[in-house]
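> Taking the numbering used here, the leading residue of the sequence shown gets 3, the next gets one more, and so forth.
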Amino acid sequence: MPKNILHTIEKNMSSFSKGQKLIARFILEDYDKAAFMTASKLGKTVQVSESTVVRFATQLGYDGYPSMQRALQEMIRGKLTSIQRIKASEGELSGSDLVTNVLQRDMEKIRMAMDQTDGSEFSHVVDIIAQAKHIYIVGFRSSSFLAGYLNFYFRLIYDNVTQVQGGAAGTFDQLFRVGPGDVVIAICFPRYSELALKTVQYAKDRGATIIGVTDSEMSPVYQMSSGSLLVRNEMISFVDSLAAPMSMLNALILAAAHKQGTDISATFNELEHVWDRFGIFGKVEDE
C-alpha cells in the first residue's frame, strides 16, 4: 500500500487517463474534502463514473476505494483545522439522521477496535503497568477527560498513580521525579497536543517506560512507546468522539483490577465501608 498517497499521485500523473487525471487533481487540491467523500460522490464532483474512481484507487496500489479513502483520512487526521473538519462533515451530519449517523460511526470504531486489538500486546501492556514503581497518566485537551477517567479508577486499584495536569512549565514540574521503573500512560489522539508530545518525550528521556493509548502506528506517541493500545477515535465535525478509546480504557481498567487479584476485593470492601459511613451515595428506598 502506498505510504504517501499525494506523492504517489503526483509521481504517476502522466500515466493516468483523462478521467483519472480529473480525480487526481481534485485530490491534490482538496484532499481534506476528498477524504470524506464516497466513491460515488467523488465521481459526481469531478464528473466521472464511480467505476472510474474505483479503478483509480486500484491503479494506485490499493485493494479498493475504501482503502484509498482510509489512507487519505490517516494522512490528514492530525492536520485538519476545526474549520476544515466542519466543512468535511457538512453533508453527513445534516438532517434528521444526525443522531443515527453519529452513533453508527462510534459503533463502527468500537467494532474496529474489537477486530484489530492484539491480545498479546494488550496483556503486555497490563503486565508493564502492574510492575510499575509509579504510574503517571498524561492526556491533555479532549484527551484530558480520558486521562481523568483512567486516573479515577486506577487510584482505586493502585496507590502509586498521578495524573499529570497540563499547564506549560508546571507540567514538567509534576514529572520531576520520573525515572526508570516508572510508567507513563500517554493518551493522545489527533490533533496531537504538542505539550503532550513534549511531556512524553521528557519522561522517556528520563528513563520512564511509555505506554501509548493512541490511534495508529503513525502517531508520534506510538513511536515513543514500549507498549501500546491502538484504537481509533472518530472525527465528527469539530468534535473528537472518544467512545472507542473509552471502551478500550474500560477493558484496561478491568484487566488491571483482575491482575491485582484478591487485593482489589479487599480495597473495595474497605471503600464500601468508607462510602457508607460518610453517605457518599444516595439510597433508593424500597417501596
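No residue lacks a Cβ here, since even glycine has one placed at the ideal position from N, Cα and C.
For clarity, every value in this text was computed on a predicted model and none was experimentally measured.
Relative to the C-alpha of Leu8, which residue among Met220, Ala26, Ser17 and Gly21 is closest?
Check the Cα spacing between Leu8 and each of Met220, Ala26, Ser17 and Gly21: the tightest is with Ala26.
> Beta-carbon within less than 6 Å of Val233's beta-carbon, same chain only, minus the 5 sequence neighbours each way: which residues are those?
Ala115, Ala246, Pro247 and Met250
> Below 8 Å on the Cβ atoms is my contact criterion, and I expect Ile2 with Ser228 to pass it. Report the Cβ-Cβ distance as a whole number of Å.
Any answer about residue 2 is impossible in this case: the structure gives the chain only from 3 up to 289.
> Mapping the DSSP letters down to three states, classify Lys13 as helix, strand or coil.
helix
> Going by the DSSP bridge assignment, what does Ile187 pair with across the sheet?
Ile139 and Ile213
> In angstroms with no decimal places, state the Cα-to-Cα distance between Val128 and Ala59.
Whole-angstrom Cα-Cα distance: 39 Å.
> Less than 7 Å separating the beta-carbons of Asn153 and Gln165?
yes
> From Gln71 to Lys200, what does the alpha carbon distance come to, in whole angstroms?
31 Å
> With DSSP run on the structure shown, which of helix, strand or coil describes Ser249?
helix
> Between Val186 and Ala210, is the Cβ-Cβ spacing less than 7 Å?
Here Val186 is near Ala210, since their CB atoms are less than 7 Å apart.
> Closest to Leu44 by C-alpha separation, out of Gln203, Val104 and Pro68, would be which residue?
Of all alpha-carbon atoms in Gln203, Val104 and Pro68, the one lying nearest the alpha-carbon of Leu44 is that of Pro68.
> On the three-state DSSP scale, how would you describe Gly229?
strand
> Taking 8 Å as the limit between beta carbons, can you name the residues of its chain near Val276, skipping five residues before and five after?
Ile282
> Could you tell me if Thr102 is buried or exposed, where buried requires 16 or more neighbouring beta carbons within 10 angstroms of its beta carbon?
exposed
> Helix, strand or coil for Ser53, going by three-state DSSP, please let me know.
helix
> Identify whether Met3 lies in helix, strand or coil by the three-state DSSP scheme.
Unreliable positioning characterises Met3 in this predicted model, as indicated by a pLDDT of 40, which lies under 50. The coordinate reading is nonetheless provided below. Of the three classes helix, strand and coil, the one that applies to Met3 here is coil, per DSSP.
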